[in-house]
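Participant:
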Amino acid sequence: MNHLAIVIALVGVIGIGAQWIAWRSGLPAIALMLVAGIIAAWSSQASCP
1 MNHLAIVIAL
11 VGVIGIGAQW
21 IAWRSGLPAI
31 ALMLVAGIIA
41 AWSSQASCP
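Going left to right, the sequence shown walks through residues 1 to 49 as full-length UniProt numbering numbers them.
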């Protein structure tokens, strides 16, 4: 259960970070959210036993 809460919190933090970077850089937010989602999915798969 604790792992699930951490993953959910990290998804929120990564999403907010991607939105902020998109706003500051002028890049499309959807592109950064896609990259952030791929990285998050890859890292969560790597951490599962």
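C-beta atoms are modelled at their ideal positions from N, C-alpha and C, and glycine is treated no differently.
What does a CB cutoff of less than 6 Å around isoleucine 14 pick up in its chain, not counting 5 residues either side in sequence?
Facilitator: Translated into the one-based positions of the sequence shown, residue 14 becomes position 14. Correct list, in chain order: Ala36 and Ala40.
Participant: Could you tell me if isoleucine 34 is buried or exposed, where buried requires 16 or more neighbouring beta carbons within 10 angstroms of its beta carbon?
Facilitator: Here residue 34 is taken as the residue at index 34 of the sequence shown, counted from 1. Looking at the sequence shown, residue 34 is not isoleucine but leucine. Burial call: exposed.
Participant: Suppose contacts are defined by Cβ-Cβ distances below 8 Å. Is leucine 32 in contact with isoleucine 21 by that definition?
Facilitator: Numbered from 1 along the sequence shown, position 32 holds the residue referred to as residue 32. Numbered from 1 along the sequence shown, position 21 holds the residue referred to as residue 21. Against a cut-off of 8 Å, the Cβ pair of isoleucine 21 and leucine 32 comes out as a contact.
Participant: So is alanine 9 buried or exposed if we call it buried at 16+ other beta carbons inside 10 Å?
Facilitator: Working through the sequence shown from its first residue, we reach residue 9 at position 9. Exposed.
Participant: Give a yes or no on whether the C-beta atoms belonging to alanine 5 and alanine 18 are separated by under 8 Å.
Facilitator: The residue labelled residue 5 in the question sits at position 5 within the sequence shown. The residue labelled residue 18 in the question sits at position 18 within the sequence shown. Contact flag unset, no.
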